[in-house]
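*Asks:* Here the sequence shown is numbered in the numbering used here, starting from 340 and rising by one per residue. Even glycine gets a Cβ: it sits at the ideal position worked out from N, Cα and C. Since this is a predicted model, take the numbers as computed values, not measurements.
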Amino acid sequence: MDLNSPLFDRIRTQRQSREEPRESSVMRCDAPGCEAEGAYRAPMGRLREGQYFCFCLEHVREYNASYNYFNGMNDADVARYLKDATVGHRPTWSMGTRRGQAGFREEGAATEDPMGLYRSRFRRPAPAPKRAPRHSPVTIRAFVALGLEETADGEAIRTRYKELVKRHHPDANGGDRSREEKLREIIHAYKTLRAARLV
340 MDLNSPLFDR IRTQRQSREE PRESSVMRCD APGCEAEGAY RAPMGRLREG QYFCFCLEHV
400 REYNASYNYF NGMNDADVAR YLKDATVGHR PTWSMGTRRG QAGFREEGAA TEDPMGLYRS
460 RFRRPAPAPK RAPRHSPVTI RAFVALGLEE TADGEAIRTR YKELVKRHHP DANGGDRSRE
520 EKLREIIHAY KTLRAARLV
């Protein structure tokens, strides 16, 4: 870069100000006679939304303790205001009330379709056949562990559980612990079915 270029002669620079920086303007508390900093905002009230007082901490606490947005309104006005607040104070209309409009068809009246264009579109489908209740994969594994179908009722589950526990329990096998893992699996499966409220 050539510092002796004529282009550098045209650059204007701002002189550095040697004045001390000014103090930023500080908002004073809006409470009468208070000289403290008004660092806390408080709403001015109903019909003055978006406008705020600036108070110090002590005065904002006093103001908030006595603040009442509905001050000066009777109970009926408060109820009306709260009802309007549910829709954001916008006008609303009742749904489905189009009385007196031309072309409005009463509910249940037959639709005119002289050419039969909409018959297939508006036919109600046949109700789906009821299926057996579907179970979660964990529940299905529990049925498999007990050797039962998914449609087994509570009595069948209890009967099968008792039968398998008697068959695999070490006391019934002369103290043989080789079937202990299978017994744990059966007990866990039964607890799973009980948790699923099938027993």
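Just reading off the alpha helix (DSSP H) that Tyr420 is part of, what are its end residues?
*Replies:* 414 to 424
*Asks:* Is the separation between the beta-carbon of Ile545 and that of Leu487 shorter than 8 Å?
*Replies:* With the chain represented from 340 up to 538, any question about residue 545 goes unanswered, as that position is not in the structure.
*Asks:* Which residue marks the beginning of the beta strand (DSSP E) containing Ala381, and which one marks its end?
*Replies:* Annotation: the continuous beta strand (DSSP E) that includes Ala381 extends over 379 to 382.
*Asks:* From the DSSP secondary-structure annotation, give me the bridge partner or partners of Phe394.
*Replies:* Tyr379
*Asks:* Where do the ends of the alpha helix (DSSP H) carrying Gly493 lie?
*Replies:* 493 to 507
*Asks:* If you count every other CB in all the chains shown that lies within 10 Å of the CB of Gly377, and 16 or more means buried, which is it?
*Replies:* By the Cβ neighbour-count rule, Gly377 is buried, with 16 or more other Cβ atoms within 10 Å of its own.
*Asks:* Is the beta carbon of Gly384 sitting closer than 8 Å to the one on Tyr408?
*Replies:* In this structure, Tyr408 lies closer than 8 Å to Gly384 by Cβ.
*Asks:* State buried or exposed for Ala481, treating a residue as buried only when at least 16 other CB atoms are found within 10 Å of its CB.
*Replies:* buried
*Asks:* Taking Cys395 and Cys373 to be in contact with their CB atoms under 8 Å, please state how far apart those CB atoms are, rounded to whole angstroms.
*Replies:* Their Cβ separation, rounded to whole angstroms, is 6 Å, which keeps Cys395 and Cys373 in contact under 8 Å.
*Asks:* Under 6 Å Cβ to Cβ from Arg506, same chain only, skipping five residues before and after it: list those, please.
*Replies:* none
*Asks:* With respect to the alpha helix (DSSP H) encompassing Ala481, which residues constitute its N-terminal and C-terminal limits?
*Replies:* 476 to 485
*Asks:* Using 8 Å as the threshold, is the C-beta distance between Leu485 and Ile525 below it?
*Replies:* Against a cut-off of 8 Å, the Cβ pair of Ile525 and Leu485 comes out as a contact.
*Asks:* Go to Thr531, then tell me how far its alpha helix (DSSP H) extends in each direction, as first and last residue.
*Replies:* 519 to 534
*Asks:* Take Met366 as the anchor and find which of Tyr391, Ser344, Asn410 has the nearest alpha-carbon.
*Replies:* Tyr391
*Asks:* From Asn343 to Tyr379, what does the alpha carbon distance come to, in whole angstroms?
*Replies:* Going by the C-alpha atoms only, they are around 56 Å apart.
*Asks:* Classify Tyr529 as buried or exposed, calling it buried when 16 or more other Cβ atoms lie within 10 Å of its own Cβ.
*Replies:* buried
*Asks:* Classify Thr490 as buried or exposed, calling it buried when 16 or more other Cβ atoms lie within 10 Å of its own Cβ.
*Replies:* exposed
*Asks:* Going by DSSP in three states, Arg516 sits in which element: helix, strand or coil?
*Replies:* coil
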